[in-house]
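Here's the structure we're looking at; comments come further down.
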Amino acid sequence: MNDAVSKGEFAAIIGVTPGRISQYLAQGKITSAALVGHGRNAKIIVERARADLRLTLDISQRLGNGIDTRLDTDDDMPLMDRRRFSDPEPDELRKPSIDHVIKQEKLEQIRRANRNAAIADAQTAGQLTTVATAREEMIRMASSMLLTFEGSLTDFAAAIASTFKLPQRDVLHLLRGEFRKVRDKASKAAKLDADNLPDAVEAVIEAEEIETIN
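My numbering runs 214 ahead of the 1-based position in the sequence shown.
Structure, rendered in structure tokens:
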């Protein structure tokens, strides 16, 4: 057999695993003269590689691995049977190992903990709050401003009465009546603004992102 085949096919021909072929290549027991191409896509010239292994493997290795006969003669195993021992099927390649799954779960747990910590830090720093709290704060601030202004009506009335020579009591009564109208309008406007707040507002919070876990 003078054809060049893949490493997996050559492994099936001589009855060893593809990993064993990689070892033979790394150890120089299959020489570069038996290869066509380079790297992962390199092909193996069957008869040349067999000749290399007959020279480089001692008899105990050949008998121990059960490949002595296959190094000396062609193997008539069909190509489909050879491939059964060679490259893994696509489904096998796609199937994640248990170790990989466990690491991914741990990685997601760490990422979730980092996100929760970043959210907690933002809340503590006042950078993040609930919409309900924001509504309450808007109404509280509006009410506080109105109360402050209402408390100043007496001073306003005294200034107006002194300037225009009017009874302070009458001026204060007028100011309070007008202020009640303004207060009612302002309270309704503040409540409407608070009610119109969206249920959620997008916020960007930076958290440490871990890409891999050992």
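Ideal Cβ positions, reconstructed from N, Cα and C, are used throughout, including at glycine.
* **Reduced DSSP secondary structure (H/G/I, E/B, other) of lysine 243** => For the purposes of this step, residue 243 is identified with residue 29 of the sequence shown, where counting begins at 1. Residue state, collapsed to three classes: coil.
* **CB of lysine 250 within 8 Å of CB of lysine 257, strictly** => What you label residue 250 is simply residue 36 of the sequence shown in a count that begins at 1. What you label residue 257 is simply residue 43 of the sequence shown in a count that begins at 1. The sequence shown places valine at residue 250, rather than the lysine named in the question. Yes, they are a contact pair.
* What whole-angstrom Cβ distance do alanine 435 and phenylalanine 224 have, given they're in contact under 8 Å? -> Outside the displayed span of the chain (215 to 428) sits residue 435, for which this structure offers no information.
* Output yes or no for whether 8 Å exceeds the beta carbon distance between arginine 349 and leucine 411. => Position 135 of the sequence shown, counted from the first residue, corresponds to residue 349. Position 197 of the sequence shown, counted from the first residue, corresponds to residue 411. Yes, they are a contact pair.
* **Residue range of the beta strand (DSSP E) that includes lysine 257** => Taking the first residue of the sequence shown as 1, we reach residue 257 at position 43. Lysine 257 -> beta strand (DSSP E) spans 257–259.
* Starting from aspartate 398, trace the alpha helix (DSSP H) both ways and give me its first and last residue. => Residue 398 sits at position 184 when you count from the first residue of the sequence shown. Residues 382–409.
* Reducing DSSP to helix, strand and coil, say where isoleucine 419 ends up. => Residue 419 sits at position 205 when you count from the first residue of the sequence shown. If DSSP states are grouped into helix, strand and coil, isoleucine 419 belongs with coil.
* Asked: Nearest to valine 418 by CA position, among Ile228, Ala218, Thr343, is which residue?
  -> As a first step, residue 418 is located in the sequence shown; it is residue number 204 there, counting from the start. Checked all of Ile228, Ala218, Thr343; the closest Cα to valine 418 is Thr343.
* Measuring CA to CA, which of Thr347, Val345, Arg394, Ala356 is closest to leucine 367? -> Here the question's residue 367 lines up with position 153 in the sequence shown. Of Thr347, Val345, Arg394, Ala356, the residue nearest in Cα terms is Arg394.
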